[in-house]
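Q: Using this note's numbering, you'd call the opening residue of the sequence shown number -9 and step up by one each time.
Take a look at the following structure, please.
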Amino acid sequence: MKLNLLNKTTLIVLLSLFPLGIIAQDLENIGSKTVDKIKNSPLKINGGISANSIFYNSNGRSSREPFTYFLQGNLNISWLTFSMPLSYSYSNLGSQLGYETPFKFNRVSMHPKYKWIQSHIGDIAMTFSPYTLSGHQFTGGGLELTPEGRFSISAMGGQLLKATEDDGNQQTLPAFSRVGYGTKLGWEKELFKIGVIGFYAKDDIHSITAVPEDRNIKPKENLVIGLDGEVTIAENYTLKAEYASTAITQDTRAANVDQNGSGLASLLFNSKGSSEYYDAYKLGFDFQLEQMKLGVAYERIDPGYETLGAYFFNNDFENISINGARPLFNDKLNLSFNAGYQRDNLANQKTQATNRLVGAINGTLKVTDKISVAGSYSNFSTHTNKNLNQFDDINDSDLTDEDLEALDFKQLSQNATININWILSEGEKNTQNINLNYSLASSANEQAGIIRVGQANNFHNANSVYTIGFPENGLNISTSLNYTYSDIGRDDSNAYGGALNISKKFFEDKLNSTFGVAYNTNNNKDTKTDVLNFRANASMVVSEKHNFSLNAVQLFRSTTNQEALNELTVTFGYSYTFDIGTPKKKK
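Here you go:
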């Protein structure tokens, strides 16, 4: 079998989850110094717990629950060079969904560590690379070995999805039980790095009683092989490369076939009639010329590329980009830019092909010690051409819509922001600050070189914030004004409003309190919406380890020809931190 190597890897992963190395003796330190170190090293236990509850009430219909709670905590036990972190999170939010999912909302995990050995046990997530295993939650174990030297090893194994029956509810997400295993090997020297990744996952066809054919849920199998490397040339030049090959069977019930696909993963995969093979590439070259940094990158991902080690994957695109950064005028001005070209329909199978030009520039300027300016601008265009089916084109009797059928369509967009921050005063008695901000976002649809009426949108936003603080009294007052104007299609709208926030500290800064009020009104052609909200917050630290917080938000909203809405949200929180250490033993 071609998967014998994976079975061996599975055994290694499972064995590595048991901290056998923890009980091994440190042969390098055997002697009197080691005995004294053990006697005088305290056992440390630290961590924290937190609990938050949210009460919600509204006079209108809402999908929000009237009461939800969240419990979280962490515990760390350490002694000498060994440590064992433990964390958990629990909430009643998932139990109130009313339907089933193959994912866990409540998670418990442990992360024992001994010197350069780090293990993960429970409900955890690991990442090997963006193209293989990338942040997918699983229930099982993982191991990371990072000894001093050239080599590093990461491994994982566990259940990616739990078996979920199809109960007839359209919101339920039925799934087969899915188990995955993976490992990442790294070799690093001063001037280069090399990595090899293997990831395998498969659904258990017998894990649920009924196969939900009408939901298009099929048992899958996936093998991904990845290679990456990096080399530094003459200190100022760095070349990076990454390659991934995925072999995925969309339905394991299909019959075996003798034909192998393309790519590295196909050499170790049992091909079936529903097997597919895809590749992903990424190349990058970075270099530095004195104070200027430049980089060029190329990325290509085949159409249909996917891995069962990630929740979502963007594919079918080719991207070329260049970026740079440089400080000027004794580091008072910092500029950076990036530009790129992206296209899809790499296999020429879509009815429409899209290409995009992207460009952006960012800058920060320190005018004086108290005045700074930051700005950015970006614009990009997306160009789409429709590929007509040749049969339809030959049999098309209407020759008056050729321009429309060609669909020479381009979407233009630009975004700009500017921010000015001015420190008016910095003193023991008071501090004053003004911040001004303006942003523009616009887009337009161009077809055959023409932007028609109603196909251009602009969004303008400006706001100003003035803050005055009295450090000796622990008092801060902040006022703000904002204005927004937008023209979307043929409709114009504007919104304006203001806010006031006051924060004060009491009892030697142990109690922090904040009160705020904000009012905004939005007007367009047919409706007017007024929103008034009050916010109050208080947090207090007791005995340096107990923290209590209370937050309340009351919102009033009135809209033309609609019932007025009143919402009250109250959040109460408590957290406790502890640090316990056994006293050191005397010699």
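A virtual CB, placed ideally from N, CA and C, is assigned to each residue, including glycine.
Per DSSP, which one or two residues make a beta bridge with I291?
A: Here residue 291 refers to the residue found at position 301 of the sequence shown. Answer is A270, F307, bridged to I291.
Q: Do A237 and A255 count as a contact pair if the criterion is CB distance below 8 Å?
A: The count along the sequence shown starts at 1 and reaches residue 255 at position 265. The count along the sequence shown starts at 1 and reaches residue 237 at position 247. Yes, they are a contact pair.
Q: Under a three-way DSSP split, which group does I207 fall into?
A: Residue mapping note: residue 207 aligns to position 217 of the sequence shown, counting from 1. The answer is coil: DSSP assigns I207 none of H, G, I, E or B.
Q: Rounding to the nearest angstrom, what Cα-Cα distance links T199 and Y89 in this structure?
A: The sequence position of residue 199 within the sequence shown is 209, counting from 1. The sequence position of residue 89 within the sequence shown is 99, counting from 1. Computed Cα separation, rounded: 18 Å.
Q: Could you check whether K515 and D477 sit closer than 8 Å to each other, using their CB atoms as the reference points?
A: Residue mapping note: residue 477 aligns to position 487 of the sequence shown, counting from 1. Residue mapping note: residue 515 aligns to position 525 of the sequence shown, counting from 1. No; because the gap between Cβ atoms is not below 8 Å, this pair is not in contact.
Q: Rounding to the nearest angstrom, what Cα-Cα distance links P32 and L181 in this structure?
A: By 1-based counting over the sequence shown, the position of residue 32 is 42. By 1-based counting over the sequence shown, the position of residue 181 is 191. Roughly 41 Å between the two C-alpha positions.
Q: Cα separation between T559 and N537?
A: In the sequence shown, the residue the question calls residue 559 occupies position 569. In the sequence shown, the residue the question calls residue 537 occupies position 547. In a straight line, the C-alpha of T559 is about 20 Å away from that of N537.
Q: What does a CB cutoff of less than 6 Å around E134 pick up in its chain, not counting 5 residues either side in sequence?
A: Taking the sequence shown and counting its residues from 1, the one referred to as residue 134 is at position 144. Excluding positions up to five away in sequence, the list reads Q108, S144.
Q: Grouping DSSP H, G and I as helix and E and B as strand, with all else coil, what is S252?
A: Working through the sequence shown from its first residue, we reach residue 252 at position 262. S252: coil per DSSP, three-state reduction.
Q: Grouping DSSP H, G and I as helix and E and B as strand, with all else coil, what is T(-1)?
A: For this step, residue -1 is matched to residue 9 along the sequence shown. The predicted model places T(-1) with a pLDDT of 41, which falls under 50 and marks its position as unreliable; any figure quoted below should be read in that light. Of the three classes helix, strand and coil, the one that applies to T(-1) here is helix, per DSSP.
Q: Quick check on this structure: which residue in D359, N448, G365, L414 has the alpha carbon closest to the alpha carbon of L402?
A: As a position in the sequence shown, residue 402 is number 412, starting the count at 1. Residue N448 is the option with its Cα nearest to L402.
Q: Looking only at its chain, what residues have a beta carbon closer than 6 Å to the beta carbon of V521, apart from the 5 residues adjacent to it on each side?
A: Numbered from 1 along the sequence shown, position 531 holds the residue referred to as residue 521. Excluding positions up to five away in sequence, the list reads N510, R547.
Q: So A406 and S366 are supposed to be a Cβ contact under 8 Å. How far apart are they, rounded?
A: Counting from 1 along the sequence shown, the entry for residue 406 is found at position 416. Counting from 1 along the sequence shown, the entry for residue 366 is found at position 376. Their Cβ separation, rounded to whole angstroms, is 7 Å, which keeps A406 and S366 in contact under 8 Å.
Q: Look at the alpha carbon of N250 and the alpha carbon of S261, and state the distance between them as a whole number of angstroms.
A: For the purposes of this step, residue 250 is identified with residue 260 of the sequence shown, where counting begins at 1. For the purposes of this step, residue 261 is identified with residue 271 of the sequence shown, where counting begins at 1. Answer to the nearest angstrom: the Cα atoms are 6 Å apart.
Q: Just checking my contact of S468 with N502 at CB under 8 Å: how many whole Å lie between their CB atoms?
A: Here residue 468 corresponds to residue number 478 of the sequence shown, with the count starting at 1. Here residue 502 corresponds to residue number 512 of the sequence shown, with the count starting at 1. Not quite, the Cβ-Cβ distance comes to about 15 Å (not below 8 Å), so this is no contact.
Q: Kindly say whether Y233, judged by its beta-carbon, lies nearer than 8 Å to any beta-carbon of chain D.
A: The structure shown contains no chain D; it is built from a single protein chain.
Q: Going by C-alpha distance, which of G285, L336, D276, N328 is nearest I291?
A: On the sequence shown, residue 291 is found 301 positions in, with the first residue counted as 1. The residue with the shortest Cα to Cα distance from I291 is L336.
Q: Taking buried to mean at least 16 other C-beta atoms within 10 Å of its own C-beta, is T358 buried or exposed?
A: To locate residue 358, count along the sequence shown from 1; it is residue 368. Burial call: exposed.
Q: Compute the beta-carbon to beta-carbon distance between Q342 and P293, rounded to the nearest angstrom, for a pair I have assumed lies under 8 Å.
A: Locating residue 342 in the sequence shown gives position 352, counting from the first residue. Locating residue 293 in the sequence shown gives position 303, counting from the first residue. Not a contact, Cβ separation roughly 13 Å.
Q: Under the rule that 16 or more other beta-carbon atoms within 10 Å means buried, what is R205, buried or exposed?
A: As a working mapping, residue 205 is identified with position 215 in the sequence shown. The residue is exposed, with fewer than 16 neighbouring Cβ atoms inside 10 Å.
Q: With H, G and I counted as helix, E and B as strand and the rest as coil, what does DSSP make of P461?
A: Within the sequence shown, residue 461 is the residue found at index 471, counting from 1. Correct three-state label for P461: helix.
Q: What residues in its chain sit with their C-beta under 6 Å from that of L465, if we drop five residues either side in the sequence?
A: Here residue 465 refers to the residue found at position 475 when the sequence shown is read from its first residue. Once the five neighbours on either side are set aside, the close Cβ partners of L465 are K494.
Q: CA-CA distance, A315 and F327?
A: Start at 1 with the first residue of the sequence shown, and residue 315 comes out as number 325. Start at 1 with the first residue of the sequence shown, and residue 327 comes out as number 337. Their backbone Cα atoms lie some 6 Å apart in a straight line.
Q: Could you say which of K208, I187, K179 lies nearest to D193 if we only look at CA atoms?
A: The count along the sequence shown starts at 1 and reaches residue 193 at position 203. Per the Cα distances, K208.
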